[in-house]
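Quick notes on the structure that follows.
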Amino acid sequence: AQTVTQSQPEMSVQEAETVTLSCTYDTSESDYYLFWYKQPPSRQMILVIRQEAYKQQNATENRFSVNFQKAAKSFSLKISDSQLGDAAMYFCASSGNTPLVFGKGTRLSVIA
Amino acid sequence: DTGVSQDPRHKITKRGQNVTFRCDPISEHNRLYWYRQTLGQGPEFLTYFQNEAQLEKSRLLSDRFSAERPKGSFSTLEIQRTEQGDSAMYLCASSSLTGDRAYEQYFGPGTRLTVT
Numbered sequence: 120a121q122t123v124t125q126s127q128p129e130m131s132v133q134e135a136e137t138v139t140l141s142c143t144y145d146t147s148e149s150d151y152y153l154f155w156y157k158q159p160p161s162r163q164m165i166l167v168i169r170q171e172a173y174k175q176q177n178a179t180e181n182r183f184s185v186n187f188q189k190a191a192k193s194f195s196l197k198i199s200d201s202q203l204g205d206a207a208m209y210f211c212a213s214s215g216n217t218p219l220v221f222g223k224g225t226r227l228s229v230i231a
Numbered sequence: 002d003t004g005v006s007q008d009p010r011h012k013i014t015k016r017g018q019n020v021t022f023r024c025d026p027i028s029e030h031n032r033l034y035w036y037r038q039t040l041g042q043g044p045e046f047l048t049y050f051q052n053e054a055q056l057e058k059s060r061l062l063s064d065r066f067s068a069e070r071p072k073g074s075f076s077t078l079e080i081q082r083t084e085q086g087d088s089a090m091y092l093c094a095s096s097s098l099t100g101d102r103a104y105e106q107y108f109g110p111g112t113r114l115t116v117t
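Chains A and B supply the protein sequences, listed in that same order. The first sequence runs 120 to 231 under this note's numbering. The second sequence runs 2 to 117 under this note's numbering.
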């Protein structure tokens, strides 16, 4: 069984600053994917970034990057140059050839 | 690419009534997933299809829940004899098994169910 843990229920960041959201996971699968999703208030889930477990290079999508530590089963999300529009719930999720397993989420506030 | 769509967006029903939700996935996606999300929680898996075959059902999915994907395109999720505990957001997602974006799940806007 897979589990995903997000230990930070809430985080805040000043506009234009950098913030890191933490995630740890556990899986028995050898081949799996990790994802970060963003869910703005009352809006739909948006895929932010994905990481294939077999890749050593950390994924990057514009201002979003991950720090994937496979041995530690850690998968953190770094948001650089934070913008007001980044305020949302962020969910970490993992999957093999299986449905997604989500963490409980981190609510990110961006302070102007 | 019009994205994943769900209908209705909101449904209010009385306890004991049956409800049915529809999901239209991204057209070339062969996998379709149903999740349930309650306030302040991450989505929880309910069931998923590969083409028209239902491959897995969660233990969360009681006998009152049934899902279909008859032609491998749209899917329906029916809840019979609704209970107040069924109140939640029901999310649909789809993914492809091939290509650069394989296994990435794209979500619809959800159907918010309120059982009174």
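Glycine included, C-beta positions come from ideal geometry on N, C-alpha and C.
| Check | Outcome |
| --- | --- |
| In this structure, how does DSSP classify F87(B) when only helix, strand and coil are distinguished? | Correcting the residue type first, residue 87(B) is Asp in the shown sequence and not Phe. Three-state result, D87(B): helix. |
| Helix, strand or coil: which one does DSSP assign to L140(A)? | strand |
| Indicate the three-state DSSP secondary structure (helix, strand or coil) for L25(B) in the structure shown. | In the sequence as presented, Leu is not what sits at residue 25(B); that position holds Asp. In this structure, D25(B) counts as strand in the three-state DSSP scheme. |
| How many Å lie between Q121(A) and H11(B) at the Cα? | 31 Å |
| Would the beta-carbon of W155(A) fall within 9 Å of that of L196(A)? | yes |
| Which residue from M130(A), P160(A), L140(A), T124(A) puts its Cα closest to that of S184(A)? | L140(A) |
| Starting from the C-beta of S6(B), find all residues in its chain whose C-beta is less than 8 Å away, skip the five residues before and the five after it, and write them out in chain order. | C24, D25, G109, P110 |
| Shorter than 9 Å from the beta carbon of E84(B) to some beta carbon of chain A? | no |
| By the criterion of Cβ-Cβ separation under 7 Å, what are the contact partners of Q163(A) in chain B? | F108, G109, P110, G111 |
| What residue from N19(B), K58(B), L33(B) has the CA that sits closest to K72(B)'s CA? | L33(B) |
| Using a threshold of 9 Å, state whether the C-beta atoms of L61(B) and F50(B) are closer than that. | no |
| For Y104(B) and S147(A), which I take to be in contact (beta-carbon distance under 8 Å), what is that distance rounded to the nearest angstrom? | Y104(B) to S147(A), Cβ: 18 Å. No contact. |
| Taking a cut of 7 Å between CB atoms, which residues from the stretch 23-52 of chain B lie near chain A? | Y34, Q42, G43, P44, F46, Y49 |
| Return the bridge partner residues of Q188(A) from the DSSP annotation. | S193(A) |
| Specify, as a first and last residue, the run of the beta strand (DSSP E) that L1(B) falls within. | Residue 1(B) is absent from the structure shown; chain B starts at 2 and stops at 117. |
| Taking Cβ-Cβ distances below 8 Å as the criterion, which residues of the stretch 212-224 of chain A are in contact with chain B? | A212, S214, N216, T217, P218, L219, V220, F221, G222, K223, G224 |
| Is Y173(A) buried or exposed, if buried means 16 or more other CB atoms sit within 10 Å of its CB? | exposed |
| Residues of chain A with CB closer than 8 Å to the CB of E57(B), please, in chain order. | T217, P218 |
| Buried or exposed: where does P44(B) fall if 16 or more other Cβ atoms within 10 Å of its Cβ makes it buried? | buried |
| If you compare alpha carbons, which of G41(B), L40(B), Y36(B), Q42(B) is closest to T48(B)? | Y36(B) |
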